[in-house]
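In what follows, a structure is listed as structure tokens, so that the remarks can point back to it.
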Amino acid sequence: MTGLYERLTEAAGALARLTGFERHDVVVVLGSGLGGYPASLEDAAAVPYTDLPGFPIPQAAGHAGTAYSVRMGGNRVLLLSGRVHDYEGYPADVITFPVRTAILAGCRTVVLTNAAGGCGEGIEPGDLVLITDHINLAGVSPLRGDNDERLGPRFPDMTDLYTPALRDKARAAAAEAGVTLGEGVYMWWHGPMFETPAEIRMAMILGASLVGMSTVPEAVAARHMGADVLAVSLCTNRAAGLSGRRITSEEVIEAAAQAAGRFRAFFDALLPGL
Ligand code: HPA
12 MTGLYERLTE AAGALARLTG FERHDVVVVL GSGLGGYPAS LEDAAAVPYT
62 DLPGFPIPQA AGHAGTAYSV RMGGNRVLLL SGRVHDYEGY PADVITFPVR
112 TAILAGCRTV VLTNAAGGCG EGIEPGDLVL ITDHINLAGV SPLRGDNDER
162 LGPRFPDMTD LYTPALRDKA RAAAAEAGVT LGEGVYMWWH GPMFETPAEI
212 RMAMILGASL VGMSTVPEAV AARHMGADVL AVSLCTNRAA GLSGRRITSE
262 EVIEAAAQAA GRFRAFFDAL LPGL
């Protein structure tokens, strides 16, 4: 089998050819229920993942599988509507393939979004929350296996993984858009089951404010390749045991849909200035 670096180079070449742009500056991964954002952007060139060699095709509800290329301010932005997850059975190097491709295609800034359960104080359904750090509870690394030095170092540092300067820009964009932006540590779980109430009590003791099933592999791979990372969760529900109700995937999608307007206002303010 061809090596990862060669497969990424091939995908980056296809991306350049099919979008008509040799380089992109910023990549945005749109999480569950947030994939409708590109529809609000003018002149976005759409490329289905099926045309991008090596891109895994999303199956989960709310994940479309289309890449959009659009100019926003001084940036050529690549929006990835749809991602695959560990719970679908994909290994971490496949989960991170689209983000790694975007970085090889020039992106120095990676913006990750997701739907998450909230367990931090004051983090309520509908809130946008800046991820300040993460806990890799799933214990899976996208860097497992042989390391290719062309992609990054064997032992990358994870201090300030979520770039402080980007977090400042996110706070400013939220203020400009009139959107409240919470902050917290995200804990990555395998899923696909939601957590138990006991697991959520543990997550809170360990310092998590958000729980979810994505984002961490892409953030780690992006840091491995030296890109800057910003990550924002949409809290779709209070985490298990905290609301007195059971959690359904329908309420997750519904909460994401209801927050679409605020999400758009925030990203419209943020992306041109990154
Ligand atoms: N837990 C894990 N992932 C999630 C949740 C949750 O409560 N809500 C949305 N994604």
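The numbering of the sequence shown is the working numbering, which starts it at 12 and goes up by one. Where a beta carbon is used, it is the ideal one built from N, C-alpha and C, also for glycine.
Roughly how many whole angstroms lie between the Cα atoms of residue i and residue j?
i: residue 92; j: residue 41; result: 5 Å
i: residue 106; j: residue 51; result: 26 Å
i: residue 103; j: residue 111; result: 12 Å
i: residue 182; j: residue 75; result: 28 Å
i: residue 195; j: residue 130; result: 10 Å
i: residue 97; j: residue 202; result: 8 Å
i: residue 86; j: residue 209; result: 44 Å
i: residue 144; j: residue 184; result: 20 Å
i: residue 280; j: residue 241; result: 15 Å
i: residue 247; j: residue 263; result: 5 Å
i: residue 157; j: residue 163; result: 11 Å
i: residue 283; j: residue 49; result: 14 Å
i: residue 20; j: residue 256; result: 47 Å
i: residue 99; j: residue 260; result: 15 Å
i: residue 180; j: residue 123; result: 15 Å
i: residue 70; j: residue 268; result: 18 Å
i: residue 155; j: residue 24; result: 26 Å
Just checking my contact of residue i with residue j at CB under 8 Å: how many whole Å lie between their CB atoms?
i: residue 45; j: residue 274; result: 6 Å
i: residue 249; j: residue 136; result: 7 Å
i: residue 101; j: residue 90; result: With 8 Å as the limit, residue 101 and residue 90 do not qualify as a contact, their Cβ atoms being about 21 Å apart.
i: residue 238; j: residue 153; result: Not really, about 13 Å apart at Cβ, beyond 8 Å.
i: residue 258; j: residue 205; result: 5 Å
i: residue 198; j: residue 230; result: No, residue 198 and residue 230 are not in contact; Cβ-Cβ is about 13 Å, not under 8 Å.
i: residue 192; j: residue 139; result: 5 Å
i: residue 221; j: residue 127; result: 4 Å
i: residue 63; j: residue 22; result: 5 Å
Taking the DSSP output, what are the residues bridged to residue i?
i: residue 221; result: 129 and 197
i: residue 256; result: Residue 256 pairs with nothing; no bridge assigned.
i: residue 87; result: 82
i: residue 212; result: Partner(s): none; residue 212 has no beta bridge.
i: residue 240; result: 121 and 173
Taking 7 Å as the limit between beta carbons, can you name the residues of its chain near residue i, skipping five residues before and five after?
i: residue 47; result: 271
i: residue 167; result: 234 and 235
i: residue 68; result: 60, 61 and 76
Is residue i close to chain C, meaning its C-beta is less than 7 Å from at least one C-beta of that chain?
i: residue 107; result: Here chain C cannot be found, since the structure has a single protein chain.
Once the 5 residues before and after residue i are set aside, which same chain residues still bring their CB inside 6 Å of it?
i: residue 125; result: 42, 223, 225, 226 and 244
i: residue 56; result: 30 and 80
i: residue 252; result: 208 and 211
i: residue 38; result: 89, 113, 118 and 121
i: residue 83; result: 282 and 283
i: residue 108; result: 65
i: residue 175; result: none
i: residue 215; result: 130
What do you reckon, is the C-beta of residue i under 6 Å from a heavy atom of the ligand MG?
i: residue 127; result: This structure does not include the ligand MG; its bound ligands are the ligand HPA.
In chain order, what residues of the same chain have a beta carbon less than 8 Å from the beta carbon of residue i, not counting five sequence neighbours either side?
i: residue 189; result: 276
i: residue 172; result: 144, 145, 230, 231, 234 and 240
Completely contained beta strand (DSSP E) runs for the segment 100-159, where each covers 3 or more residues: If we require 3 residues or more, the beta strand (DSSP E) runs fully inside the segment 100-159 come out as 120-129 and 139-146.
Whole runs of the beta strand (DSSP E) within the segment 32-75, excluding any shorter than 3 residues: Within the segment 32-75, the complete beta strand (DSSP E) runs of at least 3 residues are 37-41 and 56-59.
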